[in-house]
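Asks:
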RNA sequence: GUGGGUGUAGCUCAGGUGGUUAGAGCGUCUGGUUGUGGCCCAGAAGGUCGUGGGUUCAAGUCCCAUCACUCACCCCA
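Residue numbers (the numbering used here): 102 to 523.
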């Protein structure tokens, strides 16, 4: 029989690694709370239509990366490939807008995309993110960006780069699309096949093309930020102004276009050079039209999404220690059957004090148990045998000092309480 | 989907031009006192050399195929 293996592009997060995840998640939640965002959890799967409509039929995600299947009732379902559409769906379905005009939501969840795995890209991966629903003010955009950076700061990440752009609203884009097409058209046959395909449906993506000839020709392309109507222009200006007031450094990239169709006005990306080709740890922007697209009432919104695996890669590269610093306090070594039974009771009591405590479960020799205690970096080893039972006192070995002292049974709690404070 | 790289013990890796029982370090286990860790010493366990063919008297080593992993394109977090 061949051994079963995990699915390509997925990973087992082993104990040593998972302690880092827990630390990271806790830091994220702490900052989210300070910024007054609340968590919303949605199912891992949704109707396929939610993503088809929300993300856009022509995006790579919808066109070729979704895990879509039919359930036994013949319904088309999809494992969620991103979180914004589900959040908006839940927001509309549960009428959160009726309770409050403004909702600040965050999430942390596994997502699924059937891409070819590489560094920083998995088929099941994890994102956290935040969405501010109900405000069209630039302050909301700024808060979202500031929030993402505050989280990275809390984790201790360094040397991150923030890049921003504005892709305008619906009206701006119709106008700009024409301007751009007029610019490209004379040379269209020189562009790569992908770009030629994009020309009609989504010409803005051509600006993002990494093909050398394409990007050279794009050098003089008209920039959308320079062709915005007054309303969007004002929004973008306010955004930049407020970022400056907060002392948040940013770069403008007039060709930054996010891959999902729903973005309007503000788009941004945060990258790290510590990563490989997949260097974005955060992407986001404003998406004022999505709620309507999903059949709900118009709701201005802005948010970001950030990849947890990539964050962990950056942290690792920058030698940021996220491992659990907790230490095994007590290892109980029992000698003889009577002591063994007795030790079970003590172990439970010590654990109930709130201390991390352990006992040999492999019927090992005393020597092997001591080795085990040492390997687990225990602070104290409590020895319990016939002598100790008679004396009504533990022999306590202080592993760091190598000394051994007798502690009467009725003084043990006091001893451990005092010592564990040190 | 398309390219490049890699596949030898739990982990990290050695194994010129094919040739006796496939090695090292780390880790694991046991012992070096009858009830005691770390250091040191001694020993042990653990490998279908990714898989399947082929060439050869002989293949971990050469050829072909295949699979897996990995990096990159693409795309994105």
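By construction, the Cβ of each residue, glycine as well, lies at the ideal position given by its N, Cα and C atoms.
What is the C-beta distance between residue 68 and residue 224, in whole angstroms, given that I count them as a contact (C-beta under 8 Å)?
Replies: In the structure as shown, the chain starts at 102 and stops at 523, and residue 68 therefore has no counterpart that could be examined.
Asks: For the alpha helix (DSSP H) that residue 120 lies in, which residues bound it at each end?
Replies: To locate residue 120, count along the first chain from 1; it is residue 19. Segment 116-135, the alpha helix (DSSP H) holding residue 120.
Asks: Given this structure, state the Cα-to-Cα distance separating residue 449 from residue 113, to the nearest angstrom.
Replies: As a working mapping, residue 449 is identified with position 348 in the first chain. As a working mapping, residue 113 is identified with position 12 in the first chain. One C-alpha to the other measures close to 31 Å.
Asks: Taking C-beta to C-beta, are residue 273 and residue 236 nearer than 8 Å?
Replies: The sequence position of residue 273 within the first chain is 172, counting from 1. The sequence position of residue 236 within the first chain is 135, counting from 1. No, they are not a contact pair.
Asks: So, using beta-carbon positions, are residue 328 and residue 280 closer together than 8 Å?
Replies: Residue numbering aside, residue 328 sits at position 227 when the first chain is read from its first letter. Residue numbering aside, residue 280 sits at position 179 when the first chain is read from its first letter. Cβ atoms of residue 328 and residue 280: closer than 8 Å.
Asks: Identify whether residue 216 lies in helix, strand or coil by the three-state DSSP scheme.
Replies: Numbered from 1 along the first chain, position 115 holds the residue referred to as residue 216. Here residue 216 sits in coil by DSSP.
Asks: Use the C-beta contact count for residue 131: other C-beta atoms within 10 angstroms, 16 or more gives buried, fewer gives exposed.
Replies: Reading the first chain from its first residue, position 30 is the one you call residue 131. Its Cβ having fewer than 16 others within 10 Å, residue 131 is exposed.
Asks: With distance defined between alpha-carbon atoms, name the residue in 382, 209, 292 nearest to residue 185.
Replies: Translated into the one-based positions of the first chain, residue 185 becomes position 84. When only C-alpha atoms are compared, the closest one is 209.
Asks: Pairing CB atoms from the stretch 364-371 with CB atoms from the stretch 153-161, are three or more of them under 8 Å?
Replies: As far as the Cβ criterion goes, the stretch 364-371 does not touch the stretch 153-161, which means the pair count is below three.
Asks: In whole angstroms, what is the alpha-carbon distance linking residue 421 and residue 123?
Replies: On the first chain, position 320 is the one that residue 421 refers to. On the first chain, position 22 is the one that residue 123 refers to. Computed Cα separation, rounded: 14 Å.
Asks: Which residues share a DSSP beta bridge with residue 405?
Replies: Counting from 1 along the first chain, the entry for residue 405 is found at position 304. DSSP, once it has assigned bridges, lists 231, 385 as partnering residue 405.
Asks: So, does the stretch 278-297 touch the stretch 315-326, judging by three or more C-beta pairs under 8 Å?
Replies: With a cut-off of 8 Å, the stretch 315-326 and the stretch 278-297 count as touching, because enough Cβ pairs lie within range.
Asks: Sort out for me which residues DSSP pairs residue 518 with in a bridge.
Replies: If you number the first chain from 1, residue 518 lands on position 417. Per DSSP, none; premise fails for residue 518.
Asks: What are the boundary residues of the alpha helix (DSSP H) that residue 393 is part of?
Replies: Stepping through the first chain from its first residue, residue 393 is reached at position 292. Segment 391-394, the alpha helix (DSSP H) holding residue 393.
Asks: Please list the segments of the alpha helix (DSSP H) lying wholly inside the stretch 320-371, counting only runs of 4 or more residues, in order along the chain.
Replies: The qualifying runs are 331-346.
Asks: Which runs of the beta strand (DSSP E) at least 3 residues long sit entirely within the stretch 229-302? Give them in chain order.
Replies: Here the runs fully enclosed are 261-267.
Asks: Starting from the C-beta of residue 364, find all residues in its chain whose C-beta is less than 7 Å away, skip the five residues before and the five after it, and write them out in chain order.
Replies: Working through the first chain from its first residue, we reach residue 364 at position 263. Around residue 364: 268, 386, 387, 388.
Asks: Can you list, in chain order, the residues of its chain whose CB lies under 8 Å from that of residue 440, leaving out five sequence neighbours each side?
Replies: For the purposes of this step, residue 440 is identified with residue 339 of the first chain, where counting begins at 1. Once the five neighbours on either side are set aside, the close Cβ partners of residue 440 are 485, 486, 487, 489, 490.
Asks: Return the bridge partner residues of residue 458 from the DSSP annotation.
Replies: Position 357 of the first chain, counting from 1, holds the residue named residue 458. Per DSSP, 431.
Asks: Give the secondary structure of residue 222 by DSSP, where H, G and I count as helix, E and B as strand, and everything else as coil.
Replies: Here residue 222 corresponds to residue number 121 of the first chain, with the count starting at 1. Here residue 222 sits in strand by DSSP.
Asks: Three-state secondary structure (DSSP) at residue 541?
Replies: In the structure displayed, the chain extends from 102 to 523; residue 541 sits before or after that span and is not available.
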